[in-house]
Amino acid sequence: MLRYTLKRLISLGVSLAVASLVIFLVVEVAPGDPAAFMLGINAEPEAVAALRAELGLDVPKWQRYLDWVGGMATGDFGTSYTYRTTVAEMIAERLQVSLPLALCALALSTALAFPAGIYAAARRGRAGDLAVMGATQLGIAVPNFWFAMMLVLLFSITLGWFGAGGFPGWEAGLWPGLKALTLPAVALALPQAAILARVMRSSLIEIMGEDFMRTARAKGLTRRQALWRHGVRNALIPVLTIIGLQFAFLLAGAIIIEQVFYLPGLGRLIFQSISARDLIVVESVVMLLVFAVIVVNFLVDLAYAAVDPRLRRRT
Amino acid sequence: MSLAERDRAAAPAASGRRPLPRSLWIGLALSAVFVVAAALSFLWTPYPVDGMNIPARLQPPSWAHPLGTDHFGRDILSMIMVGARTSIAVALLAVGIGMALGVPLGLAAAARRGGLLDEVIMRANDLIFAFPALVIAILITAVFGASAVNAIVAIGIFNIPVFARLTRGAALSLWEREFILAARVAGKSAARISAEHILPNVANLLIVQGTIQFSLGILAEAGLSYVGLGAQPPTPSWGRMLAEAQTMVSLAPHVALIPGLAIVFTVLGLNLMGDGLRDLLDPKVRKART
Chain A
1 MLRYTLKRLI SLGVSLAVAS LVIFLVVEVA PGDPAAFMLG INAEPEAVAA LRAELGLDVP
61 KWQRYLDWVG GMATGDFGTS YTYRTTVAEM IAERLQVSLP LALCALALST ALAFPAGIYA
121 AARRGRAGDL AVMGATQLGI AVPNFWFAMM LVLLFSITLG WFGAGGFPGW EAGLWPGLKA
181 LTLPAVALAL PQAAILARVM RSSLIEIMGE DFMRTARAKG LTRRQALWRH GVRNALIPVL
241 TIIGLQFAFL LAGAIIIEQV FYLPGLGRLI FQSISARDLI VVESVVMLLV FAVIVVNFLV
301 DLAYAAVDPR LRRRT
Chain B
1 MSLAERDRAA APAASGRRPL PRSLWIGLAL SAVFVVAAAL SFLWTPYPVD GMNIPARLQP
61 PSWAHPLGTD HFGRDILSMI MVGARTSIAV ALLAVGIGMA LGVPLGLAAA ARRGGLLDEV
121 IMRANDLIFA FPALVIAILI TAVFGASAVN AIVAIGIFNI PVFARLTRGA ALSLWEREFI
181 LAARVAGKSA ARISAEHILP NVANLLIVQG TIQFSLGILA EAGLSYVGLG AQPPTPSWGR
241 MLAEAQTMVS LAPHVALIPG LAIVFTVLGL NLMGDGLRDL LDPKVRKART
């Protein structure tokens, strides 16, 4: 296990290094000088040069890359070109919306997908299975932002149960905050739940064909007992991997959903920064999201290997 | 069992015609509607898509406008038809990029299995997979400007590892088969074997995966256009129609409803087609179902 962990750690480090380099280079080739952009077209060359020095744009590229990566490692993400506050502060503020949203959506999608997948697998080929599979087929085809708009139309505009968007802030209390995140979380979760339910179903169906399931029945367990004690437990392993991947997807998917509900999360921060050409913020937020994805995948791999010793030998 | 028998047993039964899977028919029909609509839009649309007609704006569906009109009085049916063109073109080209680069990489990795090339290709794949696709697509379009071309590139990049992995996985098991051994004995190079023997045998898988990536591409294009990073005005696109409809949902729900349904039906059709093709082409699944 130690050997495996070390190997994975090395590949984690390489992934992060390459990812940061790619992001840095992509942003570097962006046309336009942020300093010139901020001062407008009539700016004096001296003023632009002074601002470039202030923003740290006048040092060689490799040094800027090292500064950026080194800074992030110590929690210093730099200073926003437009807001003149630290990027770390801005991200921390936006995470208060994005992180709870992704977590709520993840919990919701898991809570929906598990029963649906298990139910469908247990009734394989019968009407219940077909109904669940039909619903998931539809769920996969629905773009989450459109689904979000339809939720607003039904629950905010027609029924008036929820506000149509915005976020009161956690200072307003837990309940108003959660209420504002309910529709976005549902919109994010349902398409994901459709995928997860399908994975759960096929994983469980595969497990039910295993010899040990027959043994479980032979030793006197009912179908139901065998399904829960031996089937579901073993089927969970691949499902957990997908959940890990989904968390990353939900964080990223929240970017678009936040646009629908006017939520002040990371997604809106990215778009605001893009239109203001505040590339240091774009760069840092993207890196943060990529970092989250890579680290979550790493943890899932480790958890996977801890549960299933065969995997440690494979790579 | 002789070698020939084993290969025959593994090959799909060619004779004995079976009815086509129902999902394939439904999927084909649904997708065909949008492909035909897109093709037709080059020749004819009920109304010009750039023709504003403010007095007739936000009309509900009627005989004159079967799907109603938007906030500029443009005919939504015409916009959906032209929008289908954008969606299909972007998704098709993105799948094309993924296949054109991913398949050769996968074939090369399998031909040099266990070697340095294989390792480099697969690690690079893992790395691309680790990126949240949407975030990078946003980064690319943010830096290089929002346009349909950049959306294609951004979506296409993430199709590369999908096809590379699939091709490599399928090719690896083929390399162990006797007919490949025969080709090697006959003195064919690895590149020639890959092109002449491996590729035709993984084509089925690639078609099925291509259909699925195509539908994902349509969803991705819609998402990017929705946030303003896809096709730019005046090119109609389903995602942007939804973005523009957002503020008018309460006044005229059909403006938001219809482009969304177009996306859902197209993606659903492609997914059903993919499922049906898999049932048809993959003997393993076919056996499991019957």
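Same order as they appear, the protein sequences are chains A and B. With this note's numbering, the residue at position 146 of the first sequence is 146, and numbering never jumps. With this note's numbering, the residue at position 160 of the second sequence is 160, and numbering never jumps. We treat Cβ as the ideally placed atom computed from N, Cα and C, and that holds for glycine.
Exposure of L166/B, with buried meaning 16 or more beta-carbon neighbours within 10 Å: As a working note, residue 166/B is residue 166 in the second sequence. Under this definition L166/B is a buried residue.
For A108/B and E178/B, I'd like the C-alpha separation in whole angstroms. The sequence position of residue 108/B within the second sequence is 108, counting from 1. The sequence position of residue 178/B within the second sequence is 178, counting from 1. Cα atoms of A108/B and E178/B: separation of roughly 20 Å, rounded to the nearest angstrom.
Looking at the secondary structure, which residues open and close the alpha helix (DSSP H) in which T141/B lies? Locating residue 141/B in the second sequence gives position 141, where the first residue counts as 1. For T141/B, the uninterrupted alpha helix (DSSP H) segment begins and ends at 133-144.
Looking at chain A, is there any beta carbon in it that lies within less than 8 Å of the beta carbon of N271/B? On the second sequence, residue 271/B is found 271 positions in, with the first residue counted as 1. At least one CB atom of chain A sits nearer than 8 Å to the CB of N271/B.
Pick out whichever of Y226/B, V135/B, R112/B has its Cα sitting closest to the Cα of A191/B. Looking up residue 191/B in the second sequence gives position 191. For A191/B, the nearest C-alpha among the options comes from R112/B.
Closer than 8 Å, CB to CB, is V27/A near chain B or not? One-based indexing of the first sequence puts residue 27/A at position 27. At a cut-off of 8 Å between C-beta atoms, V27/A counts as an interface residue with respect to chain B.
For A56/B, the first and last residue of its enclosing alpha helix (DSSP H): For the purposes of this step, residue 56/B is taken as the residue at position 56 of the second sequence. For A56/B, no alpha helix (DSSP H) segment is defined, and its DSSP state is neither H nor E.
Anyone know if the C-beta pair for V69/A and T79/A falls short of 8 Å? Taking the first residue of the first sequence as 1, we reach residue 69/A at position 69. Taking the first residue of the first sequence as 1, we reach residue 79/A at position 79. No. Outside cutoff.
Rounded to whole angstroms, what is the Cα-Cα separation between G173/A and F167/A? Translated into the one-based positions of the first sequence, residue 173/A becomes position 173. Translated into the one-based positions of the first sequence, residue 167/A becomes position 167. Rounded to the nearest angstrom, the gap between the Cα atoms of G173/A and F167/A is 11 Å.
Cutting at 8 Å between CB atoms, please list the residues of its own chain near G96/B, excluding the five before and the five after it. Counting from one through the second sequence, the residue named residue 96/B turns up at place 96. Once the five neighbours on either side are set aside, the close Cβ partners of G96/B are G156.
Where T74/A falls: helix, strand or coil (DSSP): As a position in the first sequence, residue 74/A is number 74, starting the count at 1. Coil, per DSSP.
Straight-line CA distance for Q96/A to G265/A? Residue numbering aside, residue 96/A sits at position 96 when the first sequence is read from its first letter. Residue numbering aside, residue 265/A sits at position 265 when the first sequence is read from its first letter. Going from the Cα of Q96/A to the Cα of G265/A covers about 8 Å.
Going by the CB atoms, is the gap between M133/A and L269/A shorter than 8 Å? As a first step, residue 269/A is located in the first sequence; it is residue number 269 there, counting from the start. As a first step, residue 133/A is located in the first sequence; it is residue number 133 there, counting from the start. Contact flag unset, no.
Buried or exposed (CB count within 10 angstroms, at least 16 for buried), W175/A: As a working note, residue 175/A is residue 175 in the first sequence. Counting Cβ neighbours within 10 Å, W175/A comes out exposed, since fewer than 16 surround it.
On the criterion of 16 or more Cβ atoms from any shown chain inside 10 Å, does I205/A qualify as buried, or is it exposed? Position 205 of the first sequence, counting from 1, holds the residue named residue 205/A. Label assigned to I205/A: buried.
Hey, could you find the ends of the alpha helix (DSSP H) S194/B is sitting in? Within the second sequence, numbered from 1, the residue matching residue 194/B stands at position 194. Where S194/B is concerned, there is no enclosing alpha helix (DSSP H), given that its DSSP letter is neither H nor E.
Can you pull the chain B residues whose beta carbon is under 7 Å from the beta carbon of L159/A, in chain order? By one-based count along the first sequence, residue 159/A stands at place 159. The contacting residues do not exist; L159/A stays about 12 Å from chain B at best.
Would you be able to state if there are at least three C-beta pairs under 8 Å between the region 225-232 of chain A and the region 292-299 of chain A? Segments in contact, no.
Below 8 Å between beta carbons is the criterion; list the residues of the region 231-261 of chain A that meet it against any residue of chain B, in chain order. Result list: A248, F249, L251, A252, G253, I255, I256, Q259, V260.
Are there three or more Cβ pairs, one per stretch, closer than 8 Å when the region 130-145 of chain B is compared with the region 188-203 of chain B? Too few Cβ pairs lie closer than 8 Å, so no.
Closer than 8 Å by beta-carbon distance: list the chain A residues that pair up with I155/B, in chain order. Residue 155/B sits at position 155 when you count from the first residue of the second sequence. None at all; the shortest Cβ gap to chain A is about 14 Å.
Rounded to the nearest angstrom, how far is the Cβ of A148/A from that of L183/A, given a contact under 8 Å? Looking up residue 148/A in the first sequence gives position 148. Looking up residue 183/A in the first sequence gives position 183. Right, their Cβ atoms sit about 7 Å apart.
Quick check: what's the CA-CA separation for L261/B versus G102/B? The sequence position of residue 261/B within the second sequence is 261, counting from 1. The sequence position of residue 102/B within the second sequence is 102, counting from 1. Between the alpha carbons of L261/B and G102/B lies a gap of roughly 32 Å.
Range covered by the alpha helix (DSSP H) that runs through Q137/A: As a working note, residue 137/A is residue 137 in the first sequence. Where Q137/A is concerned, the enclosing alpha helix (DSSP H) stretches over 127-141.
Do the CB positions of P234/B and G83/B come within less than 8 Å of each other? In the second sequence, residue 234/B corresponds to position 234, counting from 1. In the second sequence, residue 83/B corresponds to position 83, counting from 1. Their beta carbons are not under 8 Å apart, which means P234/B does not touch G83/B by this criterion.
8 Å Cβ cut-off: residues of chain B touching S15/A: Locating residue 15/A in the first sequence gives position 15, counting from the first residue. By Cβ distance, chain B contributes D126, L127, A130.
I'd like to know if L58/B contacts chain A, where contact means its C-beta is closer than 8 Å to some C-beta of that chain. In the second sequence, counting from the first residue as 1, residue 58/B sits at position 58. Taking Cβ atoms only, chain A never reaches closer than 8 Å to L58/B, which makes this a no.
Contacts that V135/B makes with chain A (C-beta to C-beta distance below 9 Å): One-based indexing of the second sequence puts residue 135/B at position 135. Taking the beta carbon of V135/B as reference, the chain A residues within 9 Å of it are L251, A252, I255, I270, V285, V286, L289, V290, V293, listed in sequence order.
Considering only the alpha carbon of each residue, which of M248/B, V208/B, E244/B, L229/B lies closest to L24/B? Residue 24/B sits at position 24 when you count from the first residue of the second sequence. Each of M248/B, V208/B, E244/B, L229/B was checked against the Cα of L24/B, and the nearest Cα belongs to V208/B.
Apply the 10 Å Cβ neighbour rule to I280/A and answer buried if 16 or more other Cβ atoms are within range, or exposed otherwise. Counting from one through the first sequence, the residue named residue 280/A turns up at place 280. With 16 or more Cβ atoms within 10 Å of its Cβ, I280/A is classed as buried.
Using 8 Å as the threshold, is the C-beta distance between G239/B and A222/B below it? Position 239 of the second sequence, counted from the first residue, corresponds to residue 239/B. Position 222 of the second sequence, counted from the first residue, corresponds to residue 222/B. Remark: C-beta atoms of G239/B and A222/B approach each other more closely than 8 Å.
How would you list, in chain order, the residues of chain E whose beta-carbon sits under 8 Å from the beta-carbon of M149/A? Structure shown: chain E not included; protein chains present are A and B.
Within 8 Å, strictly: CB atoms of F155/A and V260/A: Taking the first sequence and counting its residues from 1, the one referred to as residue 155/A is at position 155. Taking the first sequence and counting its residues from 1, the one referred to as residue 260/A is at position 260. No, they are not a contact pair.
Any chance you could list the alpha helix (DSSP H) runs of at least 4 consecutive residues sitting entirely within the region 101-134 of chain B, in chain order? Runs found: 116-130.
Show which residues of chain B have a CB atom less than 8 Å away from the CB atom of I23/A. Mapped onto the first sequence, residue 23/A falls at position 23. The answer, in chain order, is L139.
If you follow the alpha helix (DSSP H) that A32/B is part of, which residue opens it and which one closes it? Here residue 32/B refers to the residue found at position 32 of the second sequence. DSSP places A32/B in the uninterrupted alpha helix (DSSP H) bounded by 22-43.
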